[in-house]
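Protein chains: 4
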Amino acid sequence: MAPLKLKIAAAGLGRMGKRHALNFLNRTPRAELVAAFTPDAAEMSWAKQHLEPYGVTLYDDYDKMISQEGLMAVVIGTATSVHAEEAIKAMEKNLHVLCEKPLSTDIAVCKSVVAEAKKRPHLKVMCGFSRRFDSSYRDVHKKIEDGLLGRPSILRSQTCDKHDPSGFFVAYAAWSGGVFVDMSVHDIDLTLWFFGDDIIPKSVSAHGIRAVQPALKQYNDYDNAVGVVEFHGGKIAYYYCSRMMPHGQEDTTEVIGTEGKVSVNINPQQNLVNYYHPGGITREVPGDYYGRFEMAFVQESNEFATACLDDTPLPLKLSNAIKAVEIGSLLQEALVTGKQIHLDETGRRIEQARL
Amino acid sequence: MAPLKLKIAAAGLGRMGKRHALNFLNRTPRAELVAAFTPDAAEMSWAKQHLEPYGVTLYDDYDKMISQEGLMAVVIGTATSVHAEEAIKAMEKNLHVLCEKPLSTDIAVCKSVVAEAKKRPHLKVMCGFSRRFDSSYRDVHKKIEDGLLGRPSILRSQTCDKHDPSGFFVAYAAWSGGVFVDMSVHDIDLTLWFFGDDIIPKSVSAHGIRAVQPALKQYNDYDNAVGVVEFHGGKIAYYYCSRMMPHGQEDTTEVIGTEGKVSVNINPQQNLVNYYHPGGITREVPGDYYGRFEMAFVQESNEFATACLDDTPLPLKLSNAIKAVEIGSLLQEALVTGKQIHLDETGRRIEQARL
Amino acid sequence: MAPLKLKIAAAGLGRMGKRHALNFLNRTPRAELVAAFTPDAAEMSWAKQHLEPYGVTLYDDYDKMISQEGLMAVVIGTATSVHAEEAIKAMEKNLHVLCEKPLSTDIAVCKSVVAEAKKRPHLKVMCGFSRRFDSSYRDVHKKIEDGLLGRPSILRSQTCDKHDPSGFFVAYAAWSGGVFVDMSVHDIDLTLWFFGDDIIPKSVSAHGIRAVQPALKQYNDYDNAVGVVEFHGGKIAYYYCSRMMPHGQEDTTEVIGTEGKVSVNINPQQNLVNYYHPGGITREVPGDYYGRFEMAFVQESNEFATACLDDTPLPLKLSNAIKAVEIGSLLQEALVTGKQIHLDETGRRIEQARL
Amino acid sequence: MAPLKLKIAAAGLGRMGKRHALNFLNRTPRAELVAAFTPDAAEMSWAKQHLEPYGVTLYDDYDKMISQEGLMAVVIGTATSVHAEEAIKAMEKNLHVLCEKPLSTDIAVCKSVVAEAKKRPHLKVMCGFSRRFDSSYRDVHKKIEDGLLGRPSILRSQTCDKHDPSGFFVAYAAWSGGVFVDMSVHDIDLTLWFFGDDIIPKSVSAHGIRAVQPALKQYNDYDNAVGVVEFHGGKIAYYYCSRMMPHGQEDTTEVIGTEGKVSVNINPQQNLVNYYHPGGITREVPGDYYGRFEMAFVQESNEFATACLDDTPLPLKLSNAIKAVEIGSLLQEALVTGKQIHLDETGRRIEQARL
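One line per chain: the protein sequences are A, B, C and D, in this order. For the first sequence, this note's numbering assigns the number 414 to the last residue and increments by one with no breaks. For the second sequence, this note's numbering assigns the number 414 to the last residue and increments by one with no breaks. For the third sequence, this note's numbering assigns the number 414 to the last residue and increments by one with no breaks. For the fourth sequence, this note's numbering assigns the number 414 to the last residue and increments by one with no breaks.
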């Protein structure tokens, strides 16, 4: 008898949705992509060509898709605004859920997803923080676990996109939740991974500029921002997010402990080639995050399938997804108000006046 | 109707055979692994666990396997000594063939495979030089095609394995064809790719030592060897092969042209992590060639499937496989005799006395 | 007739004072070290051996030294607390002055030195920000001037020392002015150089921890601190200073503009050697700032001598030395109070309540 | 009383001669440049401006210069053809000698210099192999001495100059001794240092092309050449020399032992800057050997002065200078004849026929 495969459906076939669908279709041996949903005509047309011939049933109605006979899981790659609703509906249909980050830019909504998941502990519900599946970050985590750093104390992490002059990111800012929630949330998730899930912010500051996209002002957002989070227990994380890189994607992380340090991607590179010419020696850089993290996404699909089929633990807690957005929102608030935020050891806000 | 998939069988389930089988099973969307053959009990036991449950029929008889109904192709990963015979038999059954390198360590045998393939031009027959499918080497080829190097004139390339103290390579030397045929054949294939398939060797020298495996003397082989091939038309390739690396796999290539230079893998690395400690800054290195070239092998499976299904050209000529072994054999001869070999512009040997 | 040489005296023969003395003695062809002063017996003993035999007159009294016949300049490398007084006395004796940074940790005192220098425009008075003389930083400045970065917008810079478990830095913190004034002042000076001398801080935040030196608490100081300065006109600089590096000195800077980016020392290295071993590939790192900046100090001595002798401009303004300490003090205040500081476009403080 | 300084004269004020003169004048505290000789009017004019004002007596006659009262040493940077004669004359005047490499391109002449030096053991006579004074190569030597490599077995070393389209090197080839004697002699000297002075060549091969300077044919020379030397005792060194680099100077060395490996300058760089732009990340490369080795030459001057004044051993044997030229000449012969050369364990030639 053939081994059971995870019958999964893909919701949303935008840029990342297409990738998830293809990864489950082609690069996840223990999964079988059986359905896909998109409300968008162009995406549907793409799906008819790239998914339907391979046995994937297509839907323009999410609810119908998740009612498909035999379906076991759904991967959600739609717009952020519907992530939570779709995730909850899927759970109600007894489906495992892999949801693109963030669950929501609204913390209360995030919490509703987590609450629903708690009710159904037999379901695997994961928010896709892709760096958790990247071999380099996993090596960092292992080195920390092995004690090579002593006590991790300082984390520097940046998410920096290649400059896109098309204006896309201005429109996107209308609903992205702001740069810290949209971009730095990955760096914050790394912080929870490397410093510990239970760390509590103590103080938060942030500063931002609009260097190349002045129109972001209408959304109170920025194209370059720096934020600092000090945690109770003597740890600091500081973040830089930018959409202005000239050369490509540059997502770099350093963790400094009392006895050692690690860095990830301090020398970004497209491949292993150097080109030597009269101007010097040049290497190329990935143009976007998928150029950097493609294999992490493939790993994510495979580990999700395994966890669902074998009922083994997922490598990250769903509740972290709330905590990462919470910290991102604190940074965003500090950025917009120009005030340092303080919190006590239980995570409650302390008024400036009381300091 | 579901799109046609390439029904393929895997011959040989040793170290590399297993990988080919799994790559066609799991990572080649347009292929379907339907059969596998091994004469080895331990390998058969592995196959019962990892292949059979997924619909792969197992055989301990190669001839029976290639007679399976509906089979379209075979990937050959058995011992080198049977590559040629199995490839020819497969062609006689009208099957496409992807054969691990080398076709044979005997040039006449290589030629018989090529001759058979010429008779059946509708079949895709490829010798698996994996570096042809590596994204970095492809970038080099593109840069050469784009003229960034001017006229490529000097090629340095090395295939260097991590030292294996188990003695495996001494036994292996009994039938490997010698280090230049076994290891440098990859570097020679790169030379044909970057200098042009039609280059003719003009002179050949080689030197070798036995630094860590003195027992190689019984097979007239070496654990470290350096060879130089000058080509007619003013080009030189020089090679280093070694099985003595302390740190891991280090396969490095440089191509120097009249106007530019490229290097591949000048800084070997396992991942994107650096570890900072009181002794300095350290990065790890892949332990073997699969750690360096895994994705190239996956790419190879996929491109082979596509070429077979769509009847599109393969990215490398089968005749190169002969030429690479021929040049490897010249180097091996120069190594063993201690004499420089000279050839005229048609590739015929010139006696030393006539110089 | 022999060309005129700058007759210079060295005040202070501690760690850096010794180096200045030897650089002027041996590595500054247009200068002649003619005198040295130290109140310390051990330093005097060193000077008798290393300076006196080469024609350097030794003093245990600063005032006497600066009265030496024919003296033209003094290099001040004494304790920070006497820098300003000694610099002013030297000017009163009509001597050129090269003073180690900072002029003082007290801004009013800094200003008194600058005021004195303004009265004597024929004198060259320089505060030794050594990075201004480093070839890599100069290359960055040239690339900015050449427009390769577009508009410089984000600067990240860190001054990170190897961990010294001796407790030296705890004692030192008693009078250092705090980490931002003592360490980050170099990074702030780079900011003035790369963003422009006339930039005005708009907002300032800082956070710090005591990860390895808890005793710093008595001096309200920290062993790791992160600070952010936003400037009017849409620029941000962020700084990290630490005395906890496991591997050695790591002073790294990045400048990101609207069209290009540069980094300095992203891969710290002691020399050009890599060591390959079973654990990977390792390179060593300089143990301290002099290992990184030795040649910058030599360049500084030489350019100071040239400016004095030829009456040519110094490469940095004395007033920058005040501004760098002012910004460092803002960071230190933000660090200690836990409040973000705001300033208007003239540089005046804005109260939080008014925001 | 002022400490004794080494009164030294500089012979030859060409490109490297000027640098030696200035290094002894300005950057060698224990030396005093007291005289300089050049037969060339333009060089004399330069000397009147840059040396004479600092107390250096100028000569257009070598013999007169070395007769100057009180002279203790001479640094010889004239044309190679007169190195030996001038060195011998200097020794006859009881002067220490630092002679630019090579002593001569004629081995018999080299031997005459060594013979003369043997007669006068109280004199320090050194042939300036500058890499012996480079901190990176010294680190390699120390790591070998410390046993980090096990038994050094393979050495790869290249001397590669930036392409100079002026034709200078064609003219230069008339008397350079050929590329292996002129360029690879440095790599051969490193081989003696790292493998041991007493190693005996066992077999030698070489190949060359004229890729950008076809006119070198008239001098039987090449612009790119690869040579291999196997030594008795199981060691191989292989060399690449080129005058065709597009990007700058690239002098790289690797030493591979049975237990470890080291590389020097595997990533050539002008300084610590990386420039990030839409085409990738670029670093610049030194344009010539002095950009790479300037500090080694300064170190050489200083150690030579110390050895002369304190009668301490020089860091390299004069006899190595012969051996390096001998091995270079073997490579050059192998290059020109197209024959592999064999030698017995005493270093005597074995005829091919006898193999």
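Here a beta-carbon is modelled for each residue, glycine too, at the ideal position from N, C-alpha and C.
List the residues of chain C that residue i touches, going by C-beta distances under 7 Å, in chain order.
i	result
B:Y335	P305 and H306
B:V344	G339 and I340
Taking C-beta pairs closer than 7 Å, name the residues in chain D that residue i reaches, listed in chain order.
i	result
A:V271	Ordered by position in chain D, no residue passes the 7 Å Cβ test against A:V271, which lies about 14 Å from the chain.
Could you check whether the Cβ of residue i sits closer than 8 Å to any Cβ belonging to chain G?
i	result
B:T341	This model lacks chain G altogether; the protein chains it does include are A, B, C and D.
Since residue i and residue j should fall inside the 8 Å C-beta cutoff, what is the C-beta to C-beta distance between them, to a whole number of angstroms?
i	j	result
A:G338	D:T341	6 Å
D:L394	D:F239	7 Å
D:M304	D:D282	Contact doesn't hold; Cβ gap of about 11 Å is too wide.
D:V133	D:L110	Their Cβ separation, rounded to whole angstroms, is 15 Å, which puts D:V133 and D:L110 out of contact at 8 Å.
A:A61	B:Y113	7 Å
B:V199	A:N333	Between A:N333 and B:V199 the Cβ distance is about 10 Å, and since that is not below 8 Å, they are no contact.
D:E286	D:S264	Just to set this straight, residue 286 of chain D is Gly in the shown sequence, not Glu. The pair is a contact, with the Cβ atoms about 7 Å apart (cut-off 8 Å).
Whose Cβ in chain C lies nearer than 8 Å to the Cβ of residue i?
i	result
A:Y299	I213, R215 and Y297
A:E404	Within 8 Å Cβ-Cβ: nothing; A:E404 doesn't reach chain C, min ~15 Å.
At a CB-CB cut-off below 7 Å, which residues of chain A make contact with residue i?
i	result
C:S262	H266 and G397
B:L331	S195, V323 and N324
B:A61	P112, Y113 and G114
Does any residue of chain C have a CB that is nearer than 8 Å to the CB of residue i?
i	result
B:G338	yes
A:G237	no
A:V285	yes
A:I315	yes
A:E410	no
A:E289	yes
Step through the CB atoms of chain D and report whether any lies within less than 8 Å of the CB of residue i.
i	result
C:N85	yes
B:G293	yes
B:E151	no
Could you give the DSSP three-state label for residue i: helix, strand or coil?
i	result
D:Y281	coil
D:A68	strand
B:L414	Model confidence at B:L414 stands at a pLDDT of 47, short of 50, so the residue's coordinates are unreliable and nothing is read from them.
A:N85	helix
C:F192	helix
C:G76	helix
B:K294	strand
C:V288	strand
C:I400	strand
Using a C-beta to C-beta distance shorter than 8 Å, which residues of chain A count as neighbours of residue i?
i	result
C:I419	Not covered by the structure: residue 419 of chain C. The range shown for chain C is 60 to 414.
Against chain A, with Cβ distances strictly below 8 Å, would residue i count as a contact?
i	result
B:D198	yes
For a contact meaning CB atoms closer than 9 Å, what does residue i contact in chain D?
i	result
B:G319	P305 and H306
Compare the C-beta of residue i against all C-beta atoms of chain B and say whether one is closer than 8 Å.
i	result
A:P88	yes
What does residue i reach in chain C if we use C-beta pairs closer than 9 Å?
i	result
D:L207	Y334 and H336
Is residue i close to the ligand FMN? I mean its beta-carbon at under 7 Å from any heavy atom of the ligand.
i	result
B:E159	Of the ligands one can find in the structure shown there are none, so the ligand FMN has no counterpart to examine.
Run through chain B and tell me which residues come within less than 9 Å of residue i, C-beta to C-beta.
i	result
D:H401	G397
Legend entry - Those runs of the beta strand (DSSP E) which lie wholly inside the segment 204-266 of chain D and span at least 3 residues: 211-221
Inset, instruction - Just list the beta strand (DSSP E) runs in the segment 90-150 of chain A, keeping only unbroken ones of 3 residues or longer that don't cross its boundaries, in chain order. - result: The qualifying runs are 90-96, 116-118 and 132-135.
Inset, instruction - Ignoring anything shorter than 3 residues or poking outside the segment 348-393 of chain B, list the beta strand (DSSP E) runs there in chain order. - result: none
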